[in-house]
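A.B. asks: Here it is, the structure in full.
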Amino acid sequence: MTLKEALNRATSALAAHHISDASHDIQLLLRHVLQITQAQLYLQLEEELAPPEWERFSCLLERRLRHEPVAYLVCHQEFFGLDFYVDRRVLVPRPETELLVEMTLDFARSHSAVRPIIIADIGTGSGAIAISLATNLTNARICATDLSIQALEVAAINRARHGLDNRVVLLQGDLLAPLPGNVDLIVANLPYVMEPELQTMAPEIRFEPREALDGGPDGLHSIRLLLHQAHELRQPRRCLLLEIGMGQSEEVLRLARNHFPEADIQPHRDPGGIERVVTITFPV
Ligand code: SAM
Ligand code: GLN
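Position 114 of the sequence shown, counting from 1, maps to 1242 under my numbering, and the rest follow consecutively.
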């Protein structure tokens, strides 16, 4: 069978299972098996696929037919222009989270300080946010925390891959508890999906760690605890940036204003028009 025939056959199988982006997914899987670029794939379409490669491709296709996310099948995901190793120990980093990184970079760059800025990424998962920030802020020190030891193992792989062992510290524990001291900024993409909604979302999320997505009955369980801890510990010094889900902004703004009446609290829309980030900026 040629590569072209394999692509056509597999794309039809995915389309028959109502998996969108079938053609895109299949090309990624075949390129992964053959370890080739998109351009090489186009040049080799008429070449034969060797039986061991067809075998490996078929295994991946089977997994995709069961709705396993492509990122887990190829073990990587692009985020903020960087390549991250991912597997089932971590949430697949989402494009909507890039807004949180952009806003954190803007804040850090517009408030230059005499000493290197210290940032905490709470619930770091794959390390996508922490590593994107460290790569783009060459002086910053980042404390990246997670409750999940398994997630931190993946974050450590990505930290090493991006050569950031000296500026990104990985800490295990509940929300702000593992922080060694004061930080300037806190950035957090915590689980915020309403527990009942987990059943109705795309089947792909069944493969992701539940503790990365499940925000309790109203989705705000972890965010509420974080705001409470931040208030108790008087953290951070400058700004707290939170990713939130659709329709959560009103309640998160109310909670934030209760805890921090002195702060400037603002919602920010993502490119799709959804209020996706809340910033809480403290007076200096
Ligand atoms: N920051 C990553 C990203 O944006 O792709 C992962 C975000 S995922 C939505 C939430 C992460 O928070 C998961 O890795 C989960 O293990 C972690 N988490 C959940 N509850 C936590 C808690 N109480 N303390 C620390 N981390 C927590
Ligand atoms: N945006 C993610 C989703 O809808 C949820 C991420 C989160 O809970 N922080 O799949």
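Where is the CB? At the ideal position from N, CA and C, for every residue including glycine.
It should be emphasised that the depicted structure is a prediction, and the values quoted were computed from it without experimental measurement.
Indicate whether Asn-1286 and Ile-1259 have their beta-carbon atoms separated by less than 7 Å.
C.D. replies: In the sequence shown, the residue the question calls residue 1286 occupies position 158. In the sequence shown, the residue the question calls residue 1259 occupies position 131. Cβ atoms of Asn-1286 and Ile-1259: closer than 7 Å.
A.B. asks: If you measure from the CB of Ala-1284, is any heavy atom of the ligand SAM nearer than 6 Å?
C.D. replies: Looking up residue 1284 in the sequence shown gives position 156. The answer is no for Ala-1284.
A.B. asks: Here's the rule: buried if 16 or more other CB atoms are within 10 angstroms of the residue's CB, otherwise exposed. What is Asn-1267?
C.D. replies: Taking the sequence shown and counting its residues from 1, the one referred to as residue 1267 is at position 139. Answer is exposed; the Cβ neighbour count stays below 16.
A.B. asks: Closer than 6 Å: is that where the CB of Leu-1341 sits relative to any heavy atom of the ligand GLN?
C.D. replies: For the purposes of this step, residue 1341 is taken as residue 213 along the sequence shown, with counting starting at 1. Under cutoff, so the answer is yes.
A.B. asks: Out of curiosity, what's the CA-to-CA distance linking Leu-1457 and Ala-1167?
C.D. replies: Within the shown structure, residues of the chain are numbered from 1129 to 1412, placing residue 1457 beyond reach of any answer.
A.B. asks: If you measure between the beta carbons of Leu-1355 and His-1396, is that distance less than 7 Å?
C.D. replies: To locate residue 1355, count along the sequence shown from 1; it is residue 227. To locate residue 1396, count along the sequence shown from 1; it is residue 268. Result no, Cβ atoms of Leu-1355 and His-1396 do not sit closer than 7 Å.
A.B. asks: Have a look at Gly-1309, His-1204, Ile-1154 and flag the residue whose alpha-carbon is nearest the alpha-carbon of Ala-1283.
C.D. replies: One-based indexing of the sequence shown puts residue 1283 at position 155. Closest by alpha carbon: His-1204.
A.B. asks: On the DSSP letters alone, give me the boundaries of the beta strand (DSSP E) that Thr-1407 sits inside.
C.D. replies: Against the sequence shown, residue 1407 aligns to sequence position 279. Where Thr-1407 is concerned, the enclosing beta strand (DSSP E) stretches over 1403 to 1409.
A.B. asks: Quick check: the Cα distance between Pro-1180 and Ile-1154, rounded to an integer number of angstroms?
C.D. replies: Walking along the sequence shown from the start, residue 1180 turns up at place 52. Walking along the sequence shown from the start, residue 1154 turns up at place 26. Approximately 17 Å, taken between the alpha carbons.
A.B. asks: Mind checking who Arg-1287 pairs with in its DSSP beta bridge?
C.D. replies: For the purposes of this step, residue 1287 is identified with residue 159 of the sequence shown, where counting begins at 1. BP columns for Arg-1287 are empty, so no partner.
A.B. asks: So what does DSSP say about Val-1218, is it helix, strand or coil?
C.D. replies: Against the sequence shown, residue 1218 aligns to sequence position 90. Reduced to three states, the DSSP call for Val-1218 is coil.
A.B. asks: Within a Cβ cutoff of 8 Å, which residues of the same chain sit near Asp-1215, ignoring the five residues on either side of it in sequence?
C.D. replies: Here residue 1215 corresponds to residue number 87 of the sequence shown, with the count starting at 1. Taken in chain order, the residues that qualify are Tyr-1200, Cys-1203, Val-1282.
A.B. asks: How about the stretch 1297 to 1307 and the stretch 1234 to 1242: do they share at least three Cβ pairs that are nearer than 8 Å?
C.D. replies: No, they do not touch.
A.B. asks: Who are the Cβ neighbours of Phe-1208 in its own chain at under 6 Å, not counting the five residues just before and after it?
C.D. replies: Taking the first residue of the sequence shown as position 1, residue 1208 is located at position 80. Hits under 6 Å: Glu-1226, Val-1229, Ser-1260.
A.B. asks: Can you tell me whether Val-1296 is helix, strand or coil according to DSSP?
C.D. replies: By 1-based counting over the sequence shown, the position of residue 1296 is 168. In this structure, Val-1296 counts as strand in the three-state DSSP scheme.
A.B. asks: Return the first residue and the last residue of the alpha helix (DSSP H) that Ala-1241 is part of.
C.D. replies: Locating residue 1241 in the sequence shown gives position 113, counting from the first residue. Here Ala-1241 belongs to no alpha helix (DSSP H), and DSSP marks it neither H nor E.
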